[in-house]
Amino acid sequence: MSTAISTDLDDLGLFQRGEAWQAFDALRRTDPVSWTRERSGAGYWSLTRHADIVRALRDTATFTSEKFVNLEEVDDDLAGIRRSMLETDGPRHRALRQVLQRDFTPRWLAGYETFLRGLTASTVDNALAKGTFDFVREVSADFPIRVLARMLGVPDEDTGQLIEWGNRIIGNTDPDYADVLLGSTDSDQYRHLPFRSPASLEVFAYGEELAARRRGADGEDLVSKLVNRMPRDGVPLSETDFRNYFLLLVVAGNETTRHAISHAMLALLENPGQLVLLRERPELIPGEVEEFLRWASPVYHFRRTATVDVVLGGRRISAGDKVVLWFAAGNRDPGVFAEPHRFDVTRSPNDHLAFGKGGPHFCLGSHLARLELRLMFTELVARISSIRLTATPRRVRSNFVNGLKDLPVSVTAR
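Using the numbering used here, the first residue of the sequence shown is number 1, and each one after it goes up by one.
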């Protein structure tokens, strides 16, 4: 007897069980612009087709980020203190983005490559020496946070704290991570904070201490540049702007690459022939990175809000409605990707949405993430003789971040 497929995208258990892909497929076939009821919220339109998602990403006049990009509805009186670069459009968004944009270009990042290669090798050395270990803890989480620490100019001994803050903030719907669960009455007292997480206060305090020491100096770290560079529009970063920008760097600079590395390794474990192919043809690794990103879809969605009445996919969306762009669904759209549920490191072209797709909000750190993935898997493929799971990985309970809490493995080095 067949079991009906749940398409309730507000059910976090659906994502924790790894069943969201079937829901996306069903919605894309039958109701690609569908209404999703929320347990706590006004509800939202879910976009599951690649083309519709791209349209919404590029049309910021109709689908704005100004009303916030997560599912949570932020009160108007709190919008000013909650707003980060992600929640701005137009000239101010461009000015905020420009403050650090050149520091994430391939040309600038080339200056980090020697450091990154050494860090990659030492990370893999330390992990392989253990033989049996949690790949998330020893590799996926450890590597990108140490890269971020170098760019922020903070000591390595603080990286564990940075990881913990990211878990508590992004994992605000997972009882293993959250101080208070999003949607609970306890979270109301933190509604003025990003993700309603009290950990945000700790990140703010840490960032403010760094800023106080570096303001007026000529440091080359990202904190120094944030506090000393003037945005192109001539409007300096306020204290609130700095806090929210710094928190965004701490969270986005760690969480997304971490989960991409974890899911990429799991995909190779589940498709050992692909690992063999990469070992035989390492020249495939740059293209493999794009398949890793498509497959992992480390961020399930971002939200926009309709500014006017608009018809999309045959559905009438009203001004003020929340519109959720399910990147993960777009990354498995059979109209764009042949056999989308097949992991294929030779896939080309690979028009994935892991970083968004065009438009002003394209991920600032996309070049860094690609570089980290390329270097890490070049090292891993060359160094691993065999690898197997020793227990079932656990997923983060979230419909925002597609994360693995752990990935227990046993590895034999070459």
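We put the beta carbon where it would ideally sit given N, CA and C, even for glycine.
Residue state for L27 is assigned as helix, using DSSP reduced to three classes. Taking C-beta separations shorter than 8 Å and ignoring five residues to either side along the sequence, the partners of R39 in its chain run D10, G183, following chain order.
V139 places its beta carbon 9 Å or farther from that of D406. L364 is the residue among A79, L364, G359, S122 whose C-alpha sits nearest the C-alpha of T257. The C-alpha of E220 lies about 16 Å from the C-alpha of L249. Fewer than three pairs of CB atoms, one per stretch, sit closer than 8 Å, so the segment 170-189 makes no contact with the segment 216-236. Proximity to R243 across A264, L210, N271, I261 peaks at L210, based on C-alpha coordinates.
Here DSSP, grouped into helix, strand and coil, assigns F302 to strand. Between A354 and F327, the beta carbon gap of about 7 Å places them in contact (Cβ cut-off 8 Å). Remark: three or more beta-carbon pairs, one from each stretch, lie closer than 8 Å, so the segment 44-57 and the segment 25-35 are flagged as touching.
Beta-carbon to beta-carbon, L109 and L371 are separated by about 6 Å, close enough to satisfy the 8 Å threshold. K322 and V289 have their alpha carbons spaced roughly 32 Å apart. In the structure shown, P194 adopts helical secondary structure according to DSSP, grouped into three states.
In this structure, DSSP gives L312 an extended state, which the three-state scheme calls strand.
Non-local beta-carbon contacts of D174 in its own chain, meaning distances under 7 Å to residues more than five positions away in sequence, involve V396, R397, S398 in chain order. The beta carbon of P340 sits closer than 8 Å to the beta carbons of N331, R332, D333, P334 from its chain, once the five residues preceding and following it are set aside; these are given in chain order. Residue state for Y177 is assigned as coil, using DSSP reduced to three classes. By the beta-carbon neighbour count (other beta carbons within 10 angstroms, threshold 16), G320 is exposed. The beta carbon of H93 sits closer than 7 Å to those of M85, P360, all from its chain and outside the five residues before and after it, given in chain order. Between the beta-carbon of L269 and that of I387 there is about 6 Å, and that keeps the pair under the 8 Å contact cut. Of the residues assessed, G207 falls on the buried side of the cut-off, its CB having 16 or more other CB atoms within 10 angstroms. Collapsing the DSSP output to three states places L404 in a strand.
Residue nearest to T123 within the set A260, M376, R281, F195 is M376 (criterion: CA-CA distance).
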